[in-house]
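Each residue of the sequence shown is one higher than the one before, counting from 26 in the working numbering. Don't be surprised by glycine CBs; every beta carbon is placed ideally from N, CA and C. Accompanying notes for the structure given below.
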Amino acid sequence: MTDNVIAVVLVFLGMFLVGGVFSLARQGLKIGAVVCAVGAAMAVTAGVLWW
């Protein structure tokens, strides 16, 4: 059960960071958007692999 909770939290964190990518890109902060995109990709990948 704990493994699934961690996986869901990681995927949720990744989706939250994807929203940050769009927000930062609209503000013109491309470096911040890239950093968020890398974090989002890592979080979603970790969540899916942990599942």
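Q.
I need the straight-line Cα distance from Ala62 to Ala50, nearest angstrom please.
A. Here residue 62 refers to the residue found at position 37 of the sequence shown. Here residue 50 refers to the residue found at position 25 of the sequence shown. In a straight line, the C-alpha of Ala62 is about 10 Å away from that of Ala50.
Q.
If you reduce the DSSP assignment to three classes, tell me which class Trp75 lands in.
A. Against the sequence shown, residue 75 aligns to sequence position 50. Correct three-state label for Trp75: helix.
Q: Mind reading off the beta-carbon distance from Leu35 to Ala65? Whole number of angstroms is fine, and I expect it under 8 Å.
A: Numbered from 1 along the sequence shown, position 10 holds the residue referred to as residue 35. Numbered from 1 along the sequence shown, position 40 holds the residue referred to as residue 65. About 11 Å; that fails the 8 Å criterion.
Q.
Can you give me the C-alpha to C-alpha distance between Val48 and Thr70, rounded to a whole angstrom?
A. Residue mapping note: residue 48 aligns to position 23 of the sequence shown, counting from 1. Residue mapping note: residue 70 aligns to position 45 of the sequence shown, counting from 1. Looking at the sequence provided, one finds Ser at residue 48 rather than Val. Approximately 21 Å, taken between the alpha carbons.
Q) Quick one: is Val59 buried, meaning 16 or more other Cβ sit within 10 Å of its Cβ, or exposed? A) Sequence index remark: in the sequence shown, residue 59 carries index 34 (1-based). Looking at its Cβ environment, which holds fewer than 16 other Cβ atoms inside 10 Å, Val59 is exposed.
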